[in-house]
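Numbering of the sequence shown is given in my numbering, commencing with residue 17 and proceeding in unit increments. Structure first, then comments.
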Amino acid sequence: MAEALIVFASLTGNTEEMADIVAERLETHDITTDVVEVMQADAEDFLEYDAVLIGSYTYGVDGVLPDEMLDFYDDLGELDLSDKVFGVFGSGDTYYEIFCGAVDHFEKQFLKTGAHPGGASCKINLNAEGEDIERLQALADGIAEKLNQ
Ligand SMILES: Cc1cc2nc3c(=O)[nH]c(=O)nc-3n(C[C@H](O)[C@H](O)[C@H](O)COP(=O)(O)O)c2cc1C
């Protein structure tokens, strides 16, 4: 059975909630999914999984990564994940000039590892509701589809 790892950073719970939504949907495709907070994870952990996902909120006036994501981000860039499918999602706030910048950063970093996108990255304003949830579920569905190819 395929296995997925979702690593997330979440200050106020929005991104964590999204991680749970994605995990639940992956499980409906019989993909065993672990959800781990970034401080408890190493980028190398991804090597043990078929699908690798990151959920990150965005922080700072210039739309940068949260502090707790910095080491993970650097280590991720060193990996060869060319046999993996990836997904990225995260919460932000449209009030800020750079909306969900962390999602773009991680998408680029995953592409650098050679990993294959499972679906469109999800940038979500604050907490996920309605169509946001559908986009997160579509990402999980896309990952499942890619794994079955
Ligand atoms: C000081 C500060 C800076 C922020 N900077 C940005 C930003 O540049 N871009 C953005 O999209 N959101 C920004 N946010 C909004 C957070 O990403 C947003 O509140 C998000 O829902 C937090 O997700 P979490 O609940 O998973 O922690 C900022 C929030 C704070 C408190």
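For each residue, glycine too, the CB sits at the ideal point set by N, CA and C.
- Per DSSP, the beta-bridge partners of Asn-141 are Gly-108.
- Going by C-alpha positions, Lys-124 is about 23 Å away from Asp-50.
- For the pair Ala-160 and His-45, the Cα-to-Cα distance works out to about 6 Å.
- For Val-23, the closest C-alpha among the options Val-77, Ala-136, Asn-143 and Leu-92 is that of Leu-92.
- Runs of the beta strand (DSSP E) lying entirely within the segment 58-126 and spanning at least 3 residues, in chain order: 67-72 and 101-108.
- Distances from the CB of Val-77 to the heavy atoms of ligand 1 include at least one below 7 Å.
- Approximately 15 Å separates the beta-carbon atoms of Gly-106 and Gly-134; this is outside 8 Å, ruling out the contact.
- Here Val-38 is near Leu-69, since their CB atoms are less than 8 Å apart.
- In terms of side-chain proximity, the C-beta atom of Asn-30 is found nearer than 7 Å to a non-hydrogen atom of ligand 1.
- Within 7 Å of the C-beta of Ser-137 there is not a single heavy atom belonging to ligand 1.
- Taking the Cα of Met-55 as reference, the smallest distance to any Cα among Glu-84, Ile-114 and Phe-115 is reached at Glu-84.
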